[in-house]
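For the protein sequence lines, the chains are Y and L, in the order given. Residues in the first sequence are numbered consecutively from 544, following our numbering. Residues in the second sequence are numbered consecutively from 14, following our numbering. Data first, discussion second: the structure below is written as structure tokens.
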Amino acid sequence: MTRLPALLLRAACPSRDLPYIVAELEMEYEDYILPARGPRAARRWLWSQTARSVGALAMMGLRRHDWEYSLFAIVLAAAAPAVLMESWWIFLLSTVPLKADIVRGSDFVLMSLALTATLGCLAGVLCTVCGLLLAIPAAWVVALLGQAAVRSITPAWFAAATLFALALALSAGACVRHIFDKPQGGTFA
Amino acid sequence: MAKGDWLGEFEQIVMLAVLRLDASAYGMEVRREIALRTGRDASIGAVYSTLDRLESKGFVRSYETEPEGDKGRPRRAYRVTAAGANSLDQALSAIASLRQGVRLRPGRVEES
Chain Y
544 MTRLPALLLR AACPSRDLPY IVAELEMEYE DYILPARGPR AARRWLWSQT ARSVGALAMM
604 GLRRHDWEYS LFAIVLAAAA PAVLMESWWI FLLSTVPLKA DIVRGSDFVL MSLALTATLG
664 CLAGVLCTVC GLLLAIPAAW VVALLGQAAV RSITPAWFAA ATLFALALAL SAGACVRHIF
724 DKPQGGTFA
Chain L
14 MAKGDWLGEF EQIVMLAVLR LDASAYGMEV RREIALRTGR DASIGAVYST LDRLESKGFV
74 RSYETEPEGD KGRPRRAYRV TAAGANSLDQ ALSAIASLRQ GVRLRPGRVE ES
């Protein structure tokens, strides 16, 4: 089976069903579709099946409360620092009588990054190492949207540092989980 | 019948396919049967997600079967439970009852 569709399925599918779904797709692809339609059409079929399955499978994991696919928690962890730091900034501004030329200092930026790393690490514990494939891009999108939405007066490197901190913290959390709780993957996981 | 026990259209289709396939009701076979009988090209993800929902309602039961083929691929088959058959029967009877006496001929339906 082609590598990328398999990776996408592994990222979205709950671990209990992953071996069966990957095995059935492989079997259908290799035994029926590939001999009947040729490599090009078979690849197109596989991509179509994967693209249409990813959403349904991720929803299945969420419905079943499989925490490794709890993208909701990860998205919250990515969005929360922007919201919390903005609230804090608004409070600070309300205490300053003269607001001209006021900028967010490095202490503010460091606090924000520390909060991002802490929440990211906690959310990462809910995620498997495979789930990181979906969790990190989702968290990045949310963090960037959050930063774009608030009135950020921060250094230019802040956005890049936030993305780096998120990826690192989520990965660290997922590794911690991996050490204590290896998911049952089956033959093809 | 509780609100959550009502079967959606795709759930009914999946349950009928599982009943038709009997012992060989694997996810991909269910998908293929649906495509063959209804012309609906469902994704494997949609089929598994629906089977999972039905299993959580207690309408189907899954069990692992012996690995197949040279590669020893793991497989999981599904069977409809008595509660599932009962619920499906009620849903199909309700549709049949509503359908009775309704003629889908020109003049009775609005022309688009």
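Cβ atoms here follow ideal geometry from the backbone N, Cα and C, with glycine treated the same way.
Checklist entry - Considering Val672 (chain Y), what are the terminal residues of the alpha helix (DSSP H) in which it resides? => result Residue numbering aside, residue 672 (chain Y) sits at position 129 when the first sequence is read from its first letter. Element bounds for Val672 (chain Y): n/a, residue is neither H nor E.
Next on the checklist: Tell me which residue opens and which closes the beta strand (DSSP E) that Pro557 (chain Y) is part of.
Outcome noted: Here residue 557 (chain Y) is taken as the residue at index 14 of the first sequence, counted from 1. Note, Pro557 (chain Y): premise wrong, no beta strand (DSSP E); not H, not E.
Item to check | Span of the beta strand (DSSP E) around Ala90 (chain L) | outcome: For the purposes of this step, residue 90 (chain L) is taken as the residue at position 77 of the second sequence. Unbroken beta strand (DSSP E) run through Ala90 (chain L): 86-93.
Checklist entry - Are the Cβ atoms of Arg89 (chain L) and Ser75 (chain L) separated by less than 8 angstroms? => result If you number the second sequence from 1, residue 89 (chain L) lands on position 76. If you number the second sequence from 1, residue 75 (chain L) lands on position 62. Yes, the Cβ-Cβ distance between Arg89 (chain L) and Ser75 (chain L) is below 8 angstroms.
Checklist entry - If we count Cβ pairs, one from each stretch, closer than 8 angstroms, do we get three or more for the segment 51-65 of chain L versus the segment 552-571 of chain Y? => result Flag = yes, the segment 51-65 of chain L and the segment 552-571 of chain Y touch.
Next on the checklist: Which of the three DSSP states is assigned to Arg44 (chain L) in this structure?
Outcome noted: Residue 44 (chain L) sits at position 31 when you count from the first residue of the second sequence. Looking at Arg44 (chain L) - three-state DSSP - the assignment turns out to be helix.
Item to check | Beta-bridge partners of Val73 (chain L), as assigned by DSSP | outcome: What you label residue 73 (chain L) is simply residue 60 of the second sequence in a count that begins at 1. DSSP lists L:Val93 as partners of Val73 (chain L).
Checklist entry - Exposed or buried, what is Cys670 (chain Y) when buried is set at 16 or more other beta-carbons lying within 10 Å of its beta-carbon? => result One-based indexing of the first sequence puts residue 670 (chain Y) at position 127. Answer is buried; the Cβ neighbour count reaches 16.
Checklist entry - Hey, out of L:Leu29, L:Ala38, L:Lys70, whose CA is closest to Arg50 (chain L)'s CA? => result Position 37 of the second sequence, counted from the first residue, corresponds to residue 50 (chain L). Answer by Cα proximity: L:Leu29.
Checklist entry - Leu677 (chain Y): beta carbon under 7 angstroms from a heavy atom of the ligand ADP? => result By its list of ligands, the structure shown contains no ligand whatsoever, and the ligand ADP lies outside what it can speak to.
Item to check | Own chain partners of Ile564 (chain Y) with C-beta closer than 8 angstroms, once the 5 adjacent residues on each side are dropped | outcome: If you number the first sequence from 1, residue 564 (chain Y) lands on position 21. Same-chain partners within the cutoff: Leu552, Cys556, Ser596, Leu600.
Next on the checklist: So if I threshold CB-CB distances at 8 angstroms, which residues from the segment 55-67 of chain L count as touching chain Y?
Outcome noted: Cβ contacts with chain Y: Ser56, Ile57, Gly58, Ala59, Tyr61, Ser62, Asp65, Arg66.
Next on the checklist: Which residues in chain Y have a C-beta closer than 7 angstroms to the C-beta of Arg89 (chain L)? List them in chain order.
Outcome noted: Residue 89 (chain L) sits at position 76 when you count from the first residue of the second sequence. For a Cβ distance threshold of 7 angstroms, residue set Tyr563 of chain Y lies close to Arg89 (chain L), ordered along the chain.
Checklist entry - Mind pulling the chain B residues with CB within less than 9 angstroms of Arg86 (chain L)? => result As a matter of chain content, chain B is missing from the structure shown, whose protein chains are Y and L.
Checklist entry - Three-state secondary structure (DSSP) at Pro640 (chain Y)? => result In the first sequence, counting from the first residue as 1, residue 640 (chain Y) sits at position 97. Pro640 (chain Y): coil per DSSP, three-state reduction.
Next on the checklist: On a Cα-Cα basis, can you pick out the residue from Y:Met570, Y:Pro640, Y:Pro624, Y:Glu567 that is closest to Ala657 (chain Y)?
Outcome noted: Walking along the first sequence from the start, residue 657 (chain Y) turns up at place 114. Put simply, of Y:Met570, Y:Pro640, Y:Pro624, Y:Glu567 the residue whose alpha carbon is nearest the alpha carbon of Ala657 (chain Y) is Y:Pro624.
Next on the checklist: According to DSSP, simplified to helix, strand and coil, what is Thr661 (chain Y)?
Outcome noted: Start at 1 with the first residue of the first sequence, and residue 661 (chain Y) comes out as number 118. Three-state result, Thr661 (chain Y): helix.
Next on the checklist: Can you list, in chain order, the residues of its chain with a C-beta nearer than 7 angstroms to that of Met41 (chain L)? Leave out the 5 residues immediately preceding and following it.
Outcome noted: Within the second sequence, the letter at position 28 stands for residue 41 (chain L). Only Ile57 meet the Cβ criterion.
Next on the checklist: I'd like to check one pair, Leu589 (chain Y) with Pro548 (chain Y): are the Cβ atoms closer than 8 angstroms?
Outcome noted: Residue 548 (chain Y) sits at position 5 when you count from the first residue of the first sequence. Residue 589 (chain Y) sits at position 46 when you count from the first residue of the first sequence. The Cβ-Cβ distance between Pro548 (chain Y) and Leu589 (chain Y) falls below 8 angstroms.
Next on the checklist: Whole angstroms are fine: how far does the CA of Ile617 (chain Y) sit from the CA of Thr661 (chain Y)?
Outcome noted: Reading the first sequence from its first residue, position 118 is the one you call residue 661 (chain Y). Reading the first sequence from its first residue, position 74 is the one you call residue 617 (chain Y). Approximately 12 angstroms between the Cα atoms of the pair.
Item to check | 7 angstroms Cβ cut-off: residues of chain Y touching Tyr39 (chain L) | outcome: Indexing the second sequence from 1 puts residue 39 (chain L) at position 26. Result: Glu567.
Item to check | Nearest residue (CA-CA) to Glu567 (chain Y), options L:Ala36, L:Leu34, L:Val43 | outcome: In the first sequence, the residue the question calls residue 567 (chain Y) occupies position 24. Per the Cα distances, L:Val43.
Checklist entry - Which term fits Pro87 (chain L), buried or exposed, when burial requires 16 or more other beta carbons within 10 angstroms of its beta carbon? => result If you number the second sequence from 1, residue 87 (chain L) lands on position 74. Classification of Pro87 (chain L): buried, given that the 10 Å Cβ count is 16 or more.
Checklist entry - With respect to the alpha helix (DSSP H) encompassing Ser36 (chain L), which residues constitute its N-terminal and C-terminal limits? => result As a working mapping, residue 36 (chain L) is identified with position 23 in the second sequence. Reading the sequence as shown, one finds Ala at residue 36 (chain L) and not Ser. Here Ala36 (chain L) belongs to no alpha helix (DSSP H), and DSSP marks it neither H nor E.
Next on the checklist: Just to confirm, is the Cβ distance from Ala702 (chain Y) to Leu713 (chain Y) under 8 angstroms?
Outcome noted: Mapped onto the first sequence, residue 702 (chain Y) falls at position 159. Mapped onto the first sequence, residue 713 (chain Y) falls at position 170. For the 8 angstroms CB-CB criterion, Ala702 (chain Y) and Leu713 (chain Y) do not form a contact.
Next on the checklist: Am I right that Leu709 (chain Y) and Ala682 (chain Y) are in contact with their C-beta atoms under 8 angstroms? What's the rounded C-beta distance?
Outcome noted: Residue numbering aside, residue 709 (chain Y) sits at position 166 when the first sequence is read from its first letter. Residue numbering aside, residue 682 (chain Y) sits at position 139 when the first sequence is read from its first letter. The pair is a contact, with the Cβ atoms about 5 angstroms apart (cut-off 8 angstroms).
Next on the checklist: Give me, in chain order, the residues of the same chain whose beta-carbon lies closer than 7 angstroms to that of Leu627 (chain Y); leave out the 5 immediate sequence neighbours on both sides.
Outcome noted: Within the first sequence, numbered from 1, the residue matching residue 627 (chain Y) stands at position 84. Cβ within range, chain order: Leu658.
Checklist entry - Would DSSP call Thr593 (chain Y) helix, strand or coil? => result As a working note, residue 593 (chain Y) is residue 50 in the first sequence. Helix.
Item to check | Residues, ordered as in the chain, of the segment 596-610 of chain Y that lie near chain L by beta-carbon distance below 8 angstroms | outcome: Answer in chain order: Ser596, Val597, Gly598, Ala599, Leu600, Met602, Met603, Arg606, Arg607.
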